[in-house]
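Let me begin by presenting the structure, written as structure tokens, before commenting on it.
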Amino acid sequence: MVQSLPICFLLLLSLAGQAQSFVYHPNNPSFGGNTFNYAWMLSSAQAQDKLKDPSTPKATTSSSTQNSALTSFSQTLQNQLLSQLSRNLFTSQFGEQGLKEGTFQFGDLQVIVANGTDGINIQITDGKGGQTTITVPYF
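Numbering (the working numbering), first residue to last: 1 to 139.
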């Protein structure tokens, strides 16, 4: 048994060694990896991120629901008023009634209606300073 141990050891050393070559391939596209891995890496990082931004205001659900309902109602009312104005404009253009000239205020929108040489001029200005001018030509 003692003599068989060195013989087994020599037999093992005489066998051809086989190994696999290891090649490093970076996964991160920032370090030379495949550029198509960015979406997977970003989603993995976001899934692991458990931290919340402390500067984010905490809103209660009831107040946010009331705000969104109030905002929605205000937007709906404003859209209906603008729809009525456009309906009156087309009625005056193609009907027998005339559109009244003047300045109208709808929430944060200011609408100025005036007759011009080319047609009816409508100037719409929002509360942020954006301005749109529409000219409906005479036929």
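Positions of the beta carbon are idealized from the N, C-alpha and C atoms, including for glycine.
Query: With DSSP collapsed to three states, give me the class of Gln3.; Result: coil
Query: If contacts are defined as beta-carbon pairs under 8 Å, then Leu70 and Phe106 qualify, I think. What distance do you get, rounded to the angstrom?; Result: So it is not a contact: roughly 16 Å between Cβ atoms.
Query: What number of angstroms, rounded off, separates the C-alpha of Gln48 from the C-alpha of Asn37?; Result: 17 Å
Query: How would you call Ile7, buried or exposed, if buried means at least 16 neighbouring beta carbons within 10 angstroms?; Result: exposed
Query: CA-CA distance, Ser86 and Ile122?; Result: 10 Å
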